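Q:
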Amino acid sequence: MMIQLQNNKLSVAVSEKGAELQSLQLNNVEYLWQADAAFWGKHSPVLFPIIGELKDGKYIFDNKEYKLSRHGFARDKVFEVTVPSQTQAIFSLKSDESTLALYPFRFAFNVIYSIDDTSLFCTYQVINTGNDNIYFSAGGHPAFKVPLNDYLQYTDYSLWFNNDDVLNRYLLHQGLTGDNTEKIVLDNKTLQLKPSLFYGDAIVLKHIDSDQIKLFSAKDEHGLNFNFKGFPYFGIWAAKDAPFVCLEPWCGIADNISHNHQLTTKEGINTLAAGETWERTWSVELF
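Whatever position you read off the sequence shown (first residue = 1), add 259 for this note's numbering.
Structure below.
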């Protein structure tokens, strides 16, 4: 089932499966990647309760070993939906026997979408419904069309970072982070998009100063401002030679190649006490 949100400018569609965005249009212009399986058959996966790869595909908690696939199970689950208005929808996933077998914590995970004027807001809300601490990561993986104008080229577009002149990229090793980095020097805070940026996998960033990235082209009136305050990690990715770019706000990160599998000491892991609620919001303003 598809949930529609709409105002006089924006039109948004979200699937119950994975609480995944399917369409994001401003004045009938589509901004979201439309999941061409020849490149990558997804639009905007929700990442929970882990982000990226686990070392050897497993983690250890309370002396017991568990297996979780890349980015966790939320993106494959059907969420319950509440639609309070034409401009807001709440997608809810609660722990059950199937999740407890993979992830031994009781939780409610809500993904809340709302629109206002030309902006879409996406809030991740984790509630600890158990009696002990829970450990988790959460984040987004939205993919945006590039070019937005079919007459332009991928390389006509750039990313502008509001508070960075140099990016310190952490190189991935079969999906795991390491200690090797490379510097990407920006031109007036701007990175020109080109397919080769992603031939070695995602650009993985830790604790950058920026909390806004602008996707734009001097040749196109259309673009977007992506805001992600409160997300300490960020990924930028595209499949090989694909006409999209993912802007990925993360509260969590893939395992380090030297990690010891212990969930409680995993880099970027969030801890939430019994009865407590955790919340983060990213937003995208279209123009």
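Virtual Cβ for every residue (Gly too), placed ideally from N, Cα, C.
Keep in mind the model is a prediction, meaning the values are calculated, not measured.
What is the DSSP secondary structure of T341, reduced to helix, strand or coil?
A: Working through the sequence shown from its first residue, we reach residue 341 at position 82. Strand at T341.
Q: Mind checking whether the beta-carbon of S542 lies closer than 7 Å to any heavy atom of the ligand SAH?
A: Looking for the ligand SAH in the displayed structure turns up nothing, as the structure carries no ligands at all.
Q: Between the C-alpha atoms of E339 and I495, what's the straight-line distance to the nearest angstrom?
A: Taking the first residue of the sequence shown as position 1, residue 339 is located at position 80. Taking the first residue of the sequence shown as position 1, residue 495 is located at position 236. The alpha-carbon atoms of E339 and I495 are separated by roughly 30 Å.
Q: What do you reckon, are the CB atoms on S455 and D415 nearer than 8 Å?
A: Position 196 of the sequence shown, counting from 1, holds the residue named residue 455. Position 156 of the sequence shown, counting from 1, holds the residue named residue 415. Taking 8 Å as the Cβ cut-off, S455 and D415 do not qualify as a contacting pair.
Q: In three-state DSSP terms, what is K314?
A: Residue numbering aside, residue 314 sits at position 55 when the sequence shown is read from its first letter. Helix, per DSSP.
Q: Whole angstroms is fine: what's the gap from V504's alpha carbon to L474's?
A: For the purposes of this step, residue 504 is taken as residue 245 along the sequence shown, with counting starting at 1. For the purposes of this step, residue 474 is taken as residue 215 along the sequence shown, with counting starting at 1. Each residue's Cα considered, the two are about 9 Å apart.
Q: Does F457 come out as helix, strand or coil in the three-state DSSP assignment?
A: Counting from one through the sequence shown, the residue named residue 457 turns up at place 198. F457: helix per DSSP, three-state reduction.
Q: Just curious, the beta strand (DSSP E) that S476 is in, first and last residue?
A: As a position in the sequence shown, residue 476 is number 217, starting the count at 1. That run of the beta strand (DSSP E) goes Q471 to S476.
Q: Would you call the CB atoms of A230 and D355 closer than 8 Å?
A: This structure leaves residue 230 out entirely; the chain is present only between 260 and 546.
Q: I386 and I371 look like a contact to me (Cβ under 8 Å); what is the Cβ gap, rounded to whole Å?
A: As a working note, residue 386 is residue 127 in the sequence shown. As a working note, residue 371 is residue 112 in the sequence shown. Their Cβ separation, rounded to whole angstroms, is 12 Å, which puts I386 and I371 out of contact at 8 Å.
Q: Whose CA, out of H330, Q471 and F298, lies closest to the CA of A513?
A: On the sequence shown, position 254 is the one that residue 513 refers to. Comparing Cα-Cα distances from A513 to each of H330, Q471 and F298, the minimum goes to H330.
Q: Can you look up A333 in the DSSP assignment and give me helix, strand or coil?
A: The sequence position of residue 333 within the sequence shown is 74, counting from 1. Correct three-state label for A333: helix.
Q: Give the range of the alpha helix (DSSP H) segment to which S243 is assigned.
A: The shown model of the chain, from 260 to 546, leaves out residue 243, and the question about it has no answer.
Q: Between the Cα of V273 and those of A296, K301, F395 and V288, spot the shortest distance and give me the residue it belongs to.
A: Here residue 273 refers to the residue found at position 14 when the sequence shown is read from its first residue. Minimum Cα distance to V273 is reached at K301.
Q: When you compare only the Cα positions, how much space is there between T358 and F332?
A: Residue 358 sits at position 99 when you count from the first residue of the sequence shown. Residue 332 sits at position 73 when you count from the first residue of the sequence shown. Between T358 and F332, the C-alpha separation is close to 8 Å.
Q: Between G399, P401, W419 and N427, which lies nearest to L450 when the distance is taken from Cα to Cα?
A: Mapped onto the sequence shown, residue 450 falls at position 191. If you compare the alpha carbons of G399, P401, W419 and N427 with that of L450, the shortest gap goes to W419.
Q: On a Cα-Cα basis, can you pick out the residue from F403, S328 and D500 that is closest to Y362?
A: To locate residue 362, count along the sequence shown from 1; it is residue 103. Looking at the Cα atoms, S328 is the closest of the given residues.
Q: Within the chosen definition, does the region 397-407 reach the region 462-471 through at least 3 CB pairs nearer than 8 Å?
A: no
Q: Using three-state DSSP, classify Y394 as helix, strand or coil.
A: Here residue 394 is taken as the residue at index 135 of the sequence shown, counted from 1. It is a strand residue.
Q: Ordered along the chain, which non-local residues of its own chain (more than five positions away) have a Cβ less than 8 Å from that of T226?
A: An answer regarding residue 226 cannot be provided, because it is not within the stretch 260 to 546 covered by the chain.
Q: By how many angstroms is the C-alpha of W541 removed from the C-alpha of K448?
A: Translated into the one-based positions of the sequence shown, residue 448 becomes position 189. Translated into the one-based positions of the sequence shown, residue 541 becomes position 282. Cα-Cα distance, rounded: 21 Å.
Q: Count the other CB atoms, across all protein chains shown, that sit within 10 Å of the CB of N369; report buried if there are 16 or more and exposed otherwise.
A: Residue 369 sits at position 110 when you count from the first residue of the sequence shown. Burial call: buried.
Q: Should V463 and I443 be called a contact, given that it needs their Cβ atoms to be closer than 8 Å?
A: Taking the first residue of the sequence shown as position 1, residue 463 is located at position 204. Taking the first residue of the sequence shown as position 1, residue 443 is located at position 184. Not a contact, by the Cβ cut-off of 8 Å.
Q: Taking only beta-carbon positions, decide if T449 is within less than 8 Å of chain D.
A: Going by chain labels, chain D is absent from the structure shown, which holds only one protein chain.
Q: Using 8 Å as the threshold, is the C-beta distance between I262 and V342 below it?
A: Taking the first residue of the sequence shown as 1, we reach residue 262 at position 3. Taking the first residue of the sequence shown as 1, we reach residue 342 at position 83. Against a cut-off of 8 Å, the Cβ pair of V342 and I262 comes out as a contact.
Q: Less than 8 Å between the C-beta atoms of V405 and P508, yes or no?
A: Position 146 of the sequence shown, counting from 1, holds the residue named residue 405. Position 249 of the sequence shown, counting from 1, holds the residue named residue 508. No, they are not a contact pair.
Q: State yes or no: is the C-beta of P308 within less than 8 Å of the C-beta of F395?
A: Here residue 308 refers to the residue found at position 49 of the sequence shown. Here residue 395 refers to the residue found at position 136 of the sequence shown. Result yes, Cβ atoms of P308 and F395 sit closer than 8 Å.
Q: Of the choices L283, G527 and G482, whose alpha-carbon is the least far from that of L411?
A: In the sequence shown, counting from the first residue as 1, residue 411 sits at position 152. For L411, the nearest C-alpha among the options comes from G482.
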